[in-house]
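Trainee: I am attaching a structure below and will ask some questions about it afterwards.
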Amino acid sequence: MILVGEIRDRETARIAMQASLTGHLVFATLHTNDAVGAITRLLDMEIPPYLIASSLSGVLAQRLVQVLCPACKVPAKPAADLCANLLDPTASRLYQRGPGCDKCHGLGAVGRIGVFELVTVTSKLRSLIITRASEAEIREAAHSDDFPSMFQDGLVKVADGQIAYDELMRVTEPDRPRADELPADPEPVPPPQPALVPLRVIPLN
Ligand SMILES: [Zn+2]
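Take a look at the structure:
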């Protein structure tokens with residue numbers, strides 16, 4: 083087993099990939115916005131797609147979110163956009179940051195908790211990587227395989243009263259709607275036709 087502190091250049095990435103191909107279990111970190119971003123980052127480091135597809139098993143992305151102080155957090159009214167994002171906002175126990183107390187040294191928060199997303203490189207993702215599919219296509223395929231995004235994982239923690247919704251919105255991006263969830267395009271309007279001008283036949287004498 084090999085641990086690579088951080089992959090920040092092509093050479094380190096190549097060595098990590100080669101080590102995994104020769105049977106080592108390699109753990110490494112990368113700075114990206116989300117789990118799928120790691121694939122793009124490796125491609126940007128000029129790692130050939132076939133090498134990524136054959137050696138990458140999965141990516142776990144995390145961001146740290148402040149945990150509401152349980153002693154002074156106050157109930158929150160669900161925001162309109164939260165209602166759209168949470169399946170059942172009435173069933174959730176929503177809280178926001180309190181005024182601070184002795185327990186949290188007046189901060190309203192005690193420590194931090196991770197919101198995570200795990201992308202496992204399935205055979206479907208492998209073929210998308212090899213064909214150099216766009217990051218959006220890979221992300222859509224990954225999430226349709228039932229991998230909750232960091233935002234969705236955070237929503238569970240919001241609904242559980244552990245973190246505040248505005249704090250989650252500060253550190254993660256809400257999921258973009260998937261192509262099949264977007265409203266259908268309206269009927270295309272045909273371009274205006276040039277008016278037909280009747281031709282007058284002038285008899286030649
Ligand atoms: Zn407190």
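What the sequence shown shows, in our numbering, is residues 83 to 287, in sequence order. Glycine is no exception: its CB is placed at the ideal position from the N, C-alpha and C atoms.
Apply the 10 Å Cβ neighbour rule to T104 and answer buried if 16 or more other Cβ atoms are within range, or exposed otherwise.
Mentor: Translated into positions along the sequence shown, residue 104 becomes position 22. It is exposed - the Cβ of T104 has fewer than 16 other Cβ atoms within 10 Å.
Trainee: How about A158: is its Cβ closer than 7 Å to a heavy atom in ligand 1?
Mentor: Along the sequence shown, read from residue 1 onward, the residue named residue 158 stands at position 76. Outside the cutoff, so no.
Trainee: Identify whether F233 lies in helix, strand or coil by the three-state DSSP scheme.
Mentor: Residue numbering aside, residue 233 sits at position 151 when the sequence shown is read from its first letter. In the structure shown, F233 sits in a helix (DSSP, three-state: H, G or I).
Trainee: Return the residue from the list L150, K159, V141 that minimises the CA-CA distance to C186.
Mentor: Taking the first residue of the sequence shown as position 1, residue 186 is located at position 104. Here the closest residue by C-alpha is L150.
Trainee: Taking contact to mean at least 3 C-beta pairs separated by less than 8 Å, is the region 131–142 in contact with the region 232–249?
Mentor: They do not touch, by the three-pair rule.
Trainee: Counting beta carbon pairs with one atom in the region 246–257 and one in the region 141–155, are three or more of them shorter than 8 Å?
Mentor: The region 141–155, when compared against the region 246–257, does touch it at the 8 Å Cβ threshold.
Trainee: Quick check: the Cα distance between D116 and Q144, rounded to an integer number of angstroms?
Mentor: As a position in the sequence shown, residue 116 is number 34, starting the count at 1. As a position in the sequence shown, residue 144 is number 62, starting the count at 1. The straight-line gap from Cα to Cα measures roughly 8 Å.
Trainee: Taking the beta carbon of I121 as the centre, do at least 16 other beta carbons fall within 10 Å, making it buried, or is it exposed?
Mentor: Walking along the sequence shown from the start, residue 121 turns up at place 39. That one is buried.
Trainee: Going along the chain, which residues put their C-beta within less than 6 Å of some heavy atom in ligand 1?
Mentor: Residues flagged by the Cβ proximity filter: C151, A153, C154, G180, G182, C183, K185, C186, G190.
Trainee: How many Å lie between V201 and D91 at the Cα?
Mentor: The residue given as residue 201 occupies position 119 in the sequence shown. The residue given as residue 91 occupies position 9 in the sequence shown. Distance between the alpha carbons of V201 and D91: 22 Å.
Trainee: S231 to T213, Cα distance in whole Å?
Mentor: What you label residue 231 is simply residue 149 of the sequence shown in a count that begins at 1. What you label residue 213 is simply residue 131 of the sequence shown in a count that begins at 1. Roughly 24 Å between the two C-alpha positions.
Trainee: How would you write the range of the beta strand (DSSP E) that V108 sits in, first residue to last?
Mentor: Mapped onto the sequence shown, residue 108 falls at position 26. Taken as a continuous stretch (DSSP letters only), the beta strand (DSSP E) holding V108 covers 108–110.
Trainee: To which residues does DSSP link G182 through a beta bridge?
Mentor: Here residue 182 refers to the residue found at position 100 when the sequence shown is read from its first residue. G182 is not bridged to any residue.
Trainee: Per the DSSP calculation, R194 is bridged to which residue(s)?
Mentor: Looking up residue 194 in the sequence shown gives position 112. R194 is bridged to Q148.
Trainee: Less than 7 Å between C-beta atoms, sequence neighbours within five positions excluded: which residues of the same chain meet that for V203?
Mentor: Here residue 203 corresponds to residue number 121 of the sequence shown, with the count starting at 1. Contacts found: L138, S139, G140.
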